[in-house]
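Chains as they are written, first to last, in the numbering used here: chain A, 2 to 266; chain B, 323 to 710.
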């Protein structure tokens, strides 16, 4: 089974801060990492390949330094890496990003499965996976926490708010995964030595390679514009409850009721 | 002089950092309190290739060199100093056998050690032979194609849990240091037993035990190199070991610094975060400066070793400074956290206890000064060639 994994480089969010004056993310001194859920997608791809054969290609869009994530993915065991990098891709919203990724996957041609994390920790949109599936005209299975492959099909367990759903779809198919799916492996030292060599199997594709026009991608091809980014002002108000466990429980329920917080049936 | 890491080094450091943050840091306190050695974590480090950092590919290592290895140890020490330390010893022993062993010995020990299937330990110290290591008396007497070993070794890192031990023994009384040889002894050899885990001030995630040899027969194919070379091997290994301990100590100091700094940004007194007070800012400025100096010295020694240059003095200087800095910085971190810092519910008191051993093992910092002084006086006052 040939698999394409969508991987995004994101700032390590335990450290992310927003500049209160400009509203921009403070990226200075913040390490970039592979988006956590994308690592789970990659792990799933590697396991499927190890069991059934085929090839795992990691695909990422970003500035040149996003190649770090591709090197790490190769060091975890991916076979091929493609970085979509071009100034015309800059400033893309999810629509323009999905268009660009979709074009690249079409250029890859041979694939049975596209895997991605549910969402990226920096944007939290969860739109890229579904939009890429729409672009490619293939089925999409989102919020997947268990995944099994069969000849010409995948069977997935999707996590829903009130339970889960077992669903089968024919390949080619796009699947977005949750972190509960698996435990991702780490890149190995030997893998990193190979993946940072000049002859590592990494390609960098630009707009011309994809045959896209500047107005289709990046900021120009985006349907949405970010007007303002800000941290919501919410003052935290800590209230300490004292007394016996039963008394504290009663006070807690009263306090929640007063705030009209639903306590369930 | 280029202070930039290569992409390979940067990404290996990142992988080590990620592993340390996820697998070591959350468990370090529990391992310390419960005196628990995690074999599982050692095996994971084997899967990540951290177990054969100096060994060439043909013996299942990665041969990334001393500087890259220092980066790995530095990151691991941030998560768990004890784990980083025993891993440096393991790599040191693996490299020792790889450098001086026969083809059969490399096949038998280096490969499984480098793959992380076996754990290595190093044993030099005895009750009456600490800083004066050449005074060791554990005897190995030739008999029937091997050696009969008798004696007790002290303070062996990974004692009891390690599988392969590089043991310095006395094969001749004729010379002091030239009568010392290195035997490779496997766990389970009849006559080879372990003392109990010593309860220590820190570093309890890595067991330290005595080795007891009681008419233990070790076949002659287990000698490293030849008789009389053991002391040289032991000292050569320790030279690299000093770089490693320096690296671990830089990581420990950095971790304590990062923790204290984050705390000082959050902790409010007199209506302001305490980091805004100059008394603390100056402490942080000194801590940061000293950590940086220690790191640069350790990296320089590692780079020299990678280039095959003599670095006896530089390694000793790096070890001495880095471990002293770790002691100072971890002590200051406790001070910055105040009463909280003294509590076991915060990690800095543990960092402080970890730091102390750095000034003692791999040659005490007094012995480092002996090494440094010997190097600087050997030109009898003439300028060292190619020095500043």
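Backbone N, C-alpha and C define an ideal beta-carbon position, used for all residues, glycine too. Quick caveat, the model's predicted, so the values are computed rather than measured.
Could you check if residue i is buried or exposed, using at least 16 other CB atoms within 10 Å of its CB as the buried criterion?
i                      : result
residue 108 of chain A : exposed
residue 684 of chain B : buried
residue 630 of chain B : exposed
residue 512 of chain B : exposed
residue 407 of chain B : buried
residue 41 of chain A  : buried
residue 546 of chain B : buried
residue 181 of chain A : exposed
residue 692 of chain B : exposed
residue 410 of chain B : buried
residue 637 of chain B : buried
residue 354 of chain B : buried
residue 177 of chain A : buried
residue 65 of chain A  : exposed
residue 212 of chain A : exposed
residue 188 of chain A : buried
residue 241 of chain A : exposed
Quick one, which of the options has its alpha-carbon nearest residue i's?
i                      : options                       : result
residue 606 of chain B : B:594, B:583 and B:593        : B:583
residue 8 of chain A   : A:85, A:198, A:48 and A:50    : A:85
residue 455 of chain B : B:620, B:557, B:334 and B:429 : B:557
residue 359 of chain B : B:480, B:572 and B:440        : B:480
residue 135 of chain A : A:174, A:72, A:150 and A:144  : A:174
residue 491 of chain B : B:596, B:552, B:621 and B:401 : B:552
residue 335 of chain B : B:384, B:397, B:478 and B:518 : B:397
residue 659 of chain B : B:704, B:689 and B:580        : B:580
residue 413 of chain B : B:345, B:562 and B:590        : B:562
residue 376 of chain B : B:386, B:370 and B:368        : B:386
residue 570 of chain B : B:389, B:331, B:366 and B:326 : B:389
residue 648 of chain B : B:578, B:622 and B:587        : B:578
residue 507 of chain B : B:424, B:528, B:644 and B:533 : B:533
residue 528 of chain B : B:494, B:651, B:403 and B:686 : B:403
residue 333 of chain B : A:45, A:75 and A:53           : A:75
residue 468 of chain B : B:667, B:544, B:448 and B:340 : B:544
residue 351 of chain B : B:665, B:700, B:695 and B:680 : B:665
residue 327 of chain B : B:446, B:624, B:493 and B:367 : B:624
residue 641 of chain B : B:677, B:628 and B:671        : B:677
What are the residues that DSSP puts in a beta bridge with residue i?
i                      : result
residue 594 of chain B : B:591
residue 61 of chain A  : A:84
residue 165 of chain A : A:160
residue 475 of chain B : B:533
residue 34 of chain A  : A:11
residue 506 of chain B : B:488
residue 444 of chain B : B:488
residue 176 of chain A : A:116 and A:142
residue 468 of chain B : B:465 and B:541
residue 206 of chain A : A:85
residue 147 of chain A : A:158
residue 233 of chain A : Per DSSP, none; premise fails for residue 233 of chain A.
residue 6 of chain A   : A:59 and A:116
residue 515 of chain B : B:534
Checking contacts by CB at 8 Å: is residue i closer than that to chain A?
i                      : result
residue 530 of chain B : no
residue 386 of chain B : yes
Residues of chain B with CB under 8 Å from residue i, in chain order?
i                     : result
residue 73 of chain A : 333, 336 and 337
residue 31 of chain A : What residue 31 of chain A touches in chain B: nothing, since even the nearest Cβ is about 13 Å away.
Would you mind telling me which residues of chain B sit closer than 9 Å to residue i, beta carbon to beta carbon, in chain order?
i                      : result
residue 188 of chain A : 333, 334, 336, 337, 340 and 370
Would you say residue i reaches chain B, if we count a Cβ-Cβ gap shorter than 8 Å as a contact?
i                      : result
residue 121 of chain A : no
residue 197 of chain A : yes
residue 39 of chain A  : no
residue 20 of chain A  : no
residue 69 of chain A  : yes
Can you list the residues of chain B that residue i reaches, using a CB-CB cut of under 7 Å?
i                      : result
residue 193 of chain A : 330, 333, 334 and 337
Any heavy atom of the ligand NAP inside 7 Å of the beta-carbon of residue i?
i                      : result
residue 455 of chain B : Looking at this structure, you won't find the ligand NAP or any other ligand, since it has none at all.
Using a Cβ-Cβ distance under 8 Å, would residue i count as near chain E?
i                      : result
residue 540 of chain B : Any reference to chain E falls outside this structure, whose protein chains are A and B.
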